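Peer 1: Here the working numbering is used: the first residue of the sequence shown is 18, the next is one more, and so on.
Glycine residues also receive a C-beta, built at the ideal position from the N, C-alpha and C atoms.
Please read all numbers here as calculations on a predicted model, not as lab measurements.
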Amino acid sequence: MKLAACAAVFTIIVVTATLSSSAAPAQSAKVARGKYLVEGLGMCGDCHTPRNEKGEPIPAKTLRGAVLSFKPIMPMLVWAEKAPNIAGLPGWTDEQAVKFLMTGIAYNELPGRPPMPQYRFNLQDAEAVVAYLRSLAPADK
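1) Could you tell me whether the stretch 44 to 55 touches the stretch 144 to 157, where touching means 3 or more Cβ pairs closer than 8 Å?
2) Using only the alpha-carbon positions, how far apart do residue 127 and residue 145 sit?
3) Three-state secondary structure (DSSP) at residue 95?
4) Taking the alpha carbon of residue 84 as the point to measure from, which residue in 75, 92 and 45 has its own alpha carbon closest?
5) Helix, strand or coil for residue 104, going by three-state DSSP, please let me know.
6) With a Cβ-Cβ cutoff of 8 Å, do residue 123 and residue 64 count as a contact?
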């Protein structure tokens with residue numbers, strides 16, 4: 018009887034681990050793609066990560082929002098003085114963030130303010146960026 022119970026528990030553990038591990042590689046590949054897009058091609062940290070007095074990014078505050086260290090050459094009516102915190106995507110649903118990355122239009126139906134580029138990601142890349150940003154711990158309040 019004990020042997021049958023142990024075998025049943027073992028089977029449940031193996032099946033559960035197999036099912037969850039098959040989803041994990043796909044999700045981790047999506048997060049890895051998002052990390053590549055955010056940290057490499059998108060260069061998001063250039064604006065969204067604060068810098069120390071030497072101008073170096075502060076790793077503990079990666080993508081936690083930062084005051085922009087540059088201004089436009091010509092006066093502009095709309096200019097973001099600060100890049101917002103995007104770690105964990107606080108205040109955004111996945112759908113809103115994907116739409117923003119694909120169209121440049123935010124959840125308030127307005128485009129992002131310069132210097133934020135209006136990216137035109139495809140659906141897979143936008144979802145990968147969102148998955149990566151969601152994987153980051155949100156900033157402390």
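Peer 2: The structure says:
1) yes
2) 23 Å
3) Reduced to three states, the DSSP call for residue 95 is coil.
4) 75
5) coil
6) no
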